[in-house]
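Asker:
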Amino acid sequence: MSDTSPLSGLAIVGYLGLLEQLYGQVLIPSGVWHELQRGGEDDPRITDVLGLDWIEVRQPTNQQLVNVLQTERPLVEENQRRSRWHWK
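Written as structure tokens, this is what we have:
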């Protein structure tokens, strides 16, 4: 998982267990782990994610793919914003 939003959102609404049921184990990079730590300052349910044994911190092994995804993410987010505006 490369973004904290699904983890934090599911933790806040009490459905984090769905990820374990669906996937068994969730891998996150250290950057996501640190974001969850900071998010826990606002809501302790987010920090609880860090103590789950089925969530494991691992570094990506394909740095080239990481770079591509980081480059494309702003483009995807901009397209999503435009789509929402168009349909409103």
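For the sequence shown, the working numbering gives the first residue as 6, with consecutive numbering after it.
Just so you know, even glycine gets a beta-carbon here, dropped at the ideal spot from N, CA and C.
By DSSP's criteria, ILE33 is part of a beta bridge. Which residues make up the other side?
Answerer: Paired residue(s): VAL62.
Asker: For LEU23, does the count of other Cβ atoms within 10 angstroms reach 16, so buried, or fall short, so exposed?
Answerer: So LEU23 ends up on the exposed side.
Asker: I need the boundaries of the alpha helix (DSSP H) containing GLY22, first residue and last residue.
Answerer: That run of the alpha helix (DSSP H) goes 22-28.
Asker: Whole angstroms is fine: what's the gap from GLN69's alpha carbon to GLN75's?
Answerer: If you take the alpha carbons of GLN69 and GLN75, they lie about 10 Å apart.
Asker: Measuring straight from C-alpha to C-alpha, what distance separates GLU46 and GLU25?
Answerer: Whole-angstrom Cα-Cα distance: 24 Å.
Asker: Taking all protein chains shown into account, do 16 or more other C-beta atoms lie within 10 angstroms of the C-beta of SER13, making it buried, or fewer, making it exposed?
Answerer: Buried, since its Cβ has 16 or more Cβ neighbours within 10 Å.
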